[in-house]
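Numbering (the working numbering), first residue to last: 117 to 632.
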């Protein structure tokens, strides 16, 4: 009711304003009777009511739009994509041509950007240095081998090796001479032990020395034998005298026995008997002296014989002792010679390795194209360029199909799988004019790469196979080149619009949990 009163008062105010407005525009009506009647008629109050149709239509329209939007948000889907940047590369790696050793470039047959075929000659090096090194190493090796042969011949006693052209140190040469002298001396001693110098291995000088030593020994042996013979002769003389004295003693003893019987009977004088006793005692004394002389001579003979044996034995002992000492010295010299052989063998092994390397260097004096491709980053542009073994001299970009190598951040890798569709956009060509190229993700790295100066984030390498190798614009094909930058969109899944709002709502709720 109050609402109607309010509406009525409002209507009266509106009517009053309208009446004033009408009165200002039609002043003539104030004097005419017709106008007066009209004003009286208009002066009656009028009540206006709003229609329900439009309000209901607007309300149901809003409800329908909201419901439709919710249904569309739950039904409508769009493709979610992950972006990744990279560049175009050949499907096979770029071949970095690097020589195994340094050298000087002799001839160059290619230039940057030139297309080459497999087996085509790219450049050659000057082989002068390598050939000189090879010849020098061969000479050094031959010298070491001959030196070892000489040392080995000295150890085995073979003196047939010629040392005129060998460069042997004076120390080693003195050692070999000392060894040869010791061996020769031992040969003389052994010949003296054997008592013959008929061996063919003795030289004339050795034979003369043998004969001199043997003559000296023979002289001492003869002297000892002569002494034995002389003593033996004296012993024989003594034995004869002893036998004669014993016979005389026996005879005188028999005479004395007979005189003893006669003297008892008074047949002879006492003086004659005493003389006979003196004869017997004299004979016995002489026999005792001869026996002692015989013992002395026998002892002297034994000593002379021992001296004779000692003369030979001492000589043999001295020779054997000297042989042993010489063998010890020879062993020491052989040890030094063997050590020299071992050292030379080590040097020979090192030289063999260097020779193998030099042979390989001579084989690689020519640089050959390994694949069909394009020359890239050629560093040598004229002969005389010095090549090092640590850096490539050029690169060959293969003519294989190009692929896009891109890097996916570690936060976007979750839904990315091999075989997904990829939109590849070439950075050099605007998308609106040249479009993009479809592709397929064919490889994903198994682990992330650490950040570096170019990519300051963790990333997974991936490769995209392109459906075509050209961009087609107005019937004109533009060939792609290796190294072009690309931006890719990897289509990982389809999502509803509603999932975006729910994700935003969930993120907001989760952020409230961390508010303090």
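Beta carbons are placed, not taken as given, at the ideal position from N, Cα and C, and that holds for glycine.
Counting only residues of its own chain and dropping the five nearest sequence neighbours on each side, residue 603 has a CB closer than 7 Å to the CB of 199, 201, 541, 543. When secondary structure is reduced to three states using DSSP, residue 545 falls in the coil class, being assigned neither helix nor strand.
Contact check for residue 518 and residue 582: beta-carbon distance about 6 Å, within the 8 Å limit, so the pair qualifies. Short of 7 Å from the beta carbon of residue 371, and not among the five residues preceding or following it, lie these beta carbons of its own chain, in chain order: 392. Within the DSSP bridge table, the entry for residue 489 names 232, 514 as partners. Note on geometry: alpha-carbon atoms of residue 425 and residue 450 lie some 37 Å from one another.
For residue 592, the uninterrupted beta strand (DSSP E) segment begins and ends at 592–595.
Apart from the 5 residues on each side of it in sequence, residue 344 sits with its Cβ closer than 8 Å to the Cβ of 417, 420, 421, 424 in its chain, given in chain order.
With a 10 Å radius around the Cβ and a threshold of 16 neighbouring Cβ atoms, residue 205 comes out buried. By the Cβ criterion, the stretch 212–220 is in contact with the stretch 495–515, since at least three pairs of Cβ atoms, one from each stretch, lie closer than 8 Å. Within its own chain, the residues whose Cβ lies closer than 7 Å to the Cβ of residue 362, once the five positions on either side in sequence are excluded, are 403, listed in chain order. Under the 10 Å beta carbon count, residue 347 is surrounded by 16 or more other beta carbons and is classified as buried. In terms of CA proximity to residue 525, 571 leads the group 467, 431, 243, 571. Membership of residue 248 in any beta strand (DSSP E) is not indicated; the residue belongs instead to the alpha helix (DSSP H) covering 244–272. In the DSSP assignment, residue 484 falls within the beta strand (DSSP E) that extends over 482–484. With fewer than three CB-CB distances shorter than 8 Å, the stretch 349–363 does not count as touching the stretch 433–440. Of the other Cβ atoms in all chains shown, fewer than 16 fall within 10 Å of the Cβ of residue 547; this residue is therefore exposed.
A direct Cα-to-Cα measurement between residue 471 and residue 255 gives close to 11 Å. By alpha-carbon distance to residue 498, the top candidate from 179, 210, 224 is 224.
Under DSSP, residue 196 forms a beta bridge with 609. One alpha carbon belongs to residue 535, the other to residue 597, and they sit about 24 Å apart. As the crow flies, the alpha-carbon of residue 174 is around 10 Å from that of residue 181. Counting along the chain, no beta strand (DSSP E) covers residue 504, and no H or E run does either. Under the rule that a run must span 3 or more residues, the beta strand (DSSP E) segments found entirely inside the stretch 548–595 read 553–560, 575–582, 586–589, 592–595. Leaving aside the five residues that flank residue 407 on each side, the residues in its chain whose CB is nearer than 7 Å to its CB run, in chain order, 358.
Judged by DSSP in its simplified three-state form, residue 603 adopts strand.
A buried status is given to residue 522, since no fewer than 16 other beta-carbon atoms sit within 10 Å of its beta-carbon.
The shortest CA-to-CA distance from residue 560 to any of 532, 569, 584, 545 is the one to 532.
Beta-bridge analysis with DSSP links residue 539 to 554, 605. Counting every other CB atom within 10 Å of its CB across the protein chains shown gives residue 234 a total below 16, marking it as exposed. Taken atom to atom, the span from the alpha-carbon of residue 252 to that of residue 239 is near 26 Å.
Taking 8 Å as the cut-off, the Cβ atoms of residue 606 and residue 538 count as close. Cβ atoms of residue 439 and residue 267 stay farther apart than 8 Å, at about 23 Å.
Under the three-state reduction of DSSP output, residue 284 falls in the coil class, being neither helix nor strand. Between the C-alpha atoms of residue 496 and residue 594 there is a straight-line separation of about 31 Å.
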